[in-house]
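Each residue of the sequence shown is one higher than the one before, counting from 1 in UniProt numbering.
For each residue, glycine too, the CB sits at the ideal point set by N, CA and C.
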Amino acid sequence: MSGRDLRAFLAGHRAEDTEKLTQRLKNGLGLAKYKPVQYEELQAMVEAKRLSSEHIEYKVKKTLRAAQERKESSLLRQHRQVWTSEAYRLDIARERAEADIRSFLNRSRLEVQENGNVPSELLEYELHLEQEREAFQLATVDPVYQLREDLLYRMTSGPLAGNQDAEWEQVLQQVVFVKEQQQGLMDRLEKECFSLQQELSASGLEASLDSAAVDECVAALVRVPQEVLTADCPYTDLKLSLITAFHSLSDKYTQRLETVHNRLLGMDRNCGWCEEDHQRFLHTACQYCPQLRNHRGLCMDMLHRVLPHISTAELSAHRRSWDWYKFSQERERLLLECWNRDWTALLLRALEVLEEARDKHREQQNLQKQRTHQQHICAQLRQKVQQWHEQQEEIACLEAAIAARWEEEERERQREEQDREYTKRSKQKQQVREFREEQQRRTVEWRRREEARLTQLRGEMEEQAQRDKER
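See the structure below:
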């Protein structure tokens with residue numbers, strides 16, 4: 001744009017022109033090109049748009065709430081299936097335990113023992129428990145069922161009369177009283193259960209028994225068998241080599257056990273949690289076996305319900321710690337079993353070698369002139385022991401490789417699980433994004449149709465105004 005065009009484009013503005021135009025509008029002498037604004041129509045349009053947006057927001061919230069309810073009902077249905085199977089399993093276990101106790105008590109009646117008062121005390125204790133169970137059922141369970149039957153009868157007996165309001169008030173008071181009584185009873189039972197768990201955990205009976213059993217097994221496997229120490233062996237070096245073989249076997253497995261124990265340093269049976277939370281975690285986790293579909297998601301959902309004060313990250317970390325603790329315990333058990341197996345095999349082999357040595361020595365005593373033959377036999381025996389050492393070393397290398405491969409597979413499984421969780425979250429985010437884009441597209445389409453309709457209405461109004469003006 002040139003300077004001349006700019007000067008032509010600029011227009012002068014004077015305040016008196018605006019004042020004149022305002023005065024003309026006040027006097028009703030406005031120009032035809034100026035039209036009064038229809039504020040009522042604009043207000044109605046704004047109100048309609050606001051109501052439409054509120055309706056859309058309500059439908060979106062309703063859809064989200066329905067989806068959440070469907071998800072919750074699906075989870076509860078799956079949990080109910082797990083609870084049903086768990087209740088069935090517990091009933092079978094309870095019946096089996098009761099049958100074992102009854103069988104034991106029946107055998108105790110027939111057998112004559114030195115402490116003959118023990119079966120009678122057990123029978124008395126069983127009778128006492130049965131009486132307490134019946135009294136508890138009579139005081140707590142039966143009133144609830146009676147109240148339930150009474151309410152069902154009242155609800156199915158027909159329409160209520162006008163004079164039954166007072167009776168229903170009494171029934172409601174009774175229901176509230178029973179609820180409060182049951183809640184107090186459940187609180188008392190939970191306190192008693194928690195106190196018993198604290199007593200059991202304070203005694204440390206299970207942990208002491210486990211550690212004592214492991215220590216006893218290790219002490220039995222570390223020592224050299226008396227059969228080898230007191231055996232009559234004509235060859236001192238052979239006997240020393242057998243004793244050395246037992247010591248090397250003990251050193252090898254002792255180092256492995258120390259490695260497993262070092263992994264468990266700083267970890268207890270509860271993996272850093274309190275006894276109550278850990279027991280709830282174990283009780284919940286054991287119900288969801290890996291054969292179930294989506295067992296990890298169901299287990300995590302139930303853990304959130306049982307332990308609402310613990311976050312998802314803490315639950316996952318505790319699950320990994322517990323898996324590591326169980327893996328270490330299983331590794332310790334396998335080491336003890338392998339140690340016992342190798343120790344037994346070495347003992348049998350040592351006894352066999354000692355027997356062979358005694359036989360050979362008797363032959364040598366009968367054939368004192370065959371010195372060369374005697375040395376050859378000793379060399380063969382040493383070679384057998386050395387070969388057994390090599391076999392044991394090879395077995396140890398294979399077991400170490402297998403253990404390393406197990407650990408690598410466990411880490412790979414954890415990585416795959418993390419990748420699956422990430423993929424699942426990404427898919428859910430993509431679905432949410434697509435849902436929002438679809439909502440935005442629908443909103444834009446609705447607005448476009450409304451604007452087109454508005455434009456059409458304005459055109460019709462202008463045409464009508466033009467026709468009115470021409471008329």
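query                                                                                                         : result
Own chain residues within Cβ distance below 6 Å of Pro-225, not counting five before or after                 : Leu-347
First through last residue of the alpha helix (DSSP H) which encompasses Arg-293                              : It is not in any alpha helix (DSSP H) - Arg-293 carries neither H nor E in the DSSP assignment.
Own chain, CB closer than 7 Å to His-376, minus 5 neighbours either side, in chain order                      : none
Residue burial classification, Gly-204 (beta-carbon count within 10 angstroms, cutoff 16)                     : Note that Gly-204 scores a pLDDT of 49, beneath 50, so its modelled location is shaky; the value from the coordinates is reported in the next line. The residue is exposed, with fewer than 16 neighbouring Cβ atoms inside 10 Å.
Ala-166 burial status per 10 Å Cβ neighbour count (16 or more: buried)                                        : exposed
C-alpha gap between Arg-102 and Gln-137, whole angstroms                                                      : 22 Å
Inter-residue CB distance, Tyr-325 and Cys-286 (contact presumed, cutoff 8 Å)                                 : 15 Å between Cβ atoms; not a contact.
Alpha helix (DSSP H) segments (min. 4 residues) lying fully within the region 295-351                         : 295-306
Where Thr-455 falls: helix, strand or coil (DSSP)                                                             : helix
Coarse secondary structure for Ala-396, derived from DSSP in three states                                     : helix
Cα-Cα separation between Gln-439 and Arg-447, rounded to whole angstroms                                      : 12 Å
Bounding residues of the alpha helix (DSSP H) (the contiguous stretch that carries Leu-264)                   : Here Leu-264 belongs to no alpha helix (DSSP H), and DSSP marks it neither H nor E.
When Lys-469, Lys-384, Leu-457 and Val-444 are compared against Glu-41, the one with the closest alpha-carbon : Leu-457
Thr-230 (DSSP reduced to helix, strand or coil)                                                               : coil
Glu-86 versus Leu-76: straight-line alpha-carbon distance, rounded                                            : 15 Å
Where Trp-406 sits in the DSSP three-state scheme                                                             : helix
Given 8 Å, three or more beta-carbon pairs between the region 352-362 and the region 228-248                  : yes
Unbroken alpha helix (DSSP H) run spanning Arg-223, endpoints                                                 : Neither: Arg-223 is in no alpha helix (DSSP H) and is coded neither H nor E.
Exposed unless 16 or more other CB atoms sit within 10 angstroms - verdict on Val-46                          : exposed
Validate contact between the region 307-318 and the region 88-95 using beta carbons, cut 8 Å, 3 pairs         : no
Continuous alpha helix (DSSP H) stretch holding Leu-147: start and end                                        : 142-156
Residue of Glu-463, Arg-293, His-55 and Cys-274 minimising C-alpha distance to Gln-78                         : Arg-293
Straight-line gap, Glu-180 to Thr-140 (C-alpha atoms, nearest Å)                                              : 12 Å
At least 3 beta-carbon pairs within less than 8 Å: the region 297-309 vs the region 328-346                   : no
Same chain, Cβ closer than 7 Å to Cys-274, neighbours up to 5 away in sequence not counted                    : none
Trp-273 - DSSP class collapsed to helix/strand/coil                                                           : coil
CB contact flag (Ala-357, Leu-381, <8 Å)                                                                      : yes
Cβ separation of Asp-323 and Gln-392, assumed to be a contact under 8 Å, to the nearest whole Å               : So it is not a contact: roughly 31 Å between Cβ atoms.
Contact check, Leu-264 vs Ser-328, beta carbons under 8 Å                                                     : yes
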